[in-house]
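Count along the sequence shown from 1, add 336, and you get the number used in the working numbering.
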Amino acid sequence: ILHDQSDTPETFDRVIFACPCNAVSNMLANSLSFLEDTVLSTPVYADDFHPSTGHMHAVMHSDASVIEAEHRDEFLNRGSNYVEVTKLPDGSINI
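This is the structure in structure tokens:
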């Protein structure tokens with residue numbers, strides 16, 4: 337159930353938030369688990385755009401040990417990222 341700006345409740349199956357994730361964390365603060373709050377409040381945004389595609393750059397790694405052990409299994413089962421990496425004809429990497 338969501339409440340609009342007039343506090344009128346509406347029921348939806350799913351909701352898509354088109355805003356920074358820390359804004360979602362603030363809106364849902366009273367109903368988030370520790371893991372959800374941590375994931376939504378952690379990202380930092382910057383104006384670091386890829387020169388040819390306009391996409392933002394991010395540091396990616398596959399070391400699951402950086403996730404606290406007590407939350408690791410849940411996060412790895414529920415969270416996902418997809419990043420396509422290709423090699424350009426000049427040998428450089430395109431993310």
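All residues carry an ideal CB built from backbone N, CA and C; glycine is no exception. Bear in mind the structure is a predicted one, so any value in this text is a computation, not a measurement.
### Message
From the DSSP secondary-structure annotation, give me the bridge partner or partners of residue 339.
### Response
345, per the DSSP bridge assignment.
### Range covered by the alpha helix (DSSP H) that runs through residue 361
Per DSSP, residue 361 is one residue of the alpha helix (DSSP H) stretching across 357–363.
### Query
So, using beta-carbon positions, are residue 376 and residue 361 closer together than 7 Å?
For residue 376 and residue 361, yes; Cβs fall inside 7 Å.
### Message
Measuring straight from C-alpha to C-alpha, what distance separates residue 399 and residue 353?
### Response
A straight line joining the alpha-carbon of residue 399 with that of residue 353 spans about 28 Å.
### Query
From residue 370 to residue 427, what distance separates their C-alpha atoms?
Rounded to whole angstroms, residue 370 to residue 427 spans 42 Å at the Cα level.
### Query
Based on the DSSP secondary-structure assignment, which residues constitute the bridge partners of residue 429?
Answer is 423, bridged to residue 429.
### Task
With DSSP as the reference, label residue 368 as helix, strand or coil.
Residue state, collapsed to three classes: coil.
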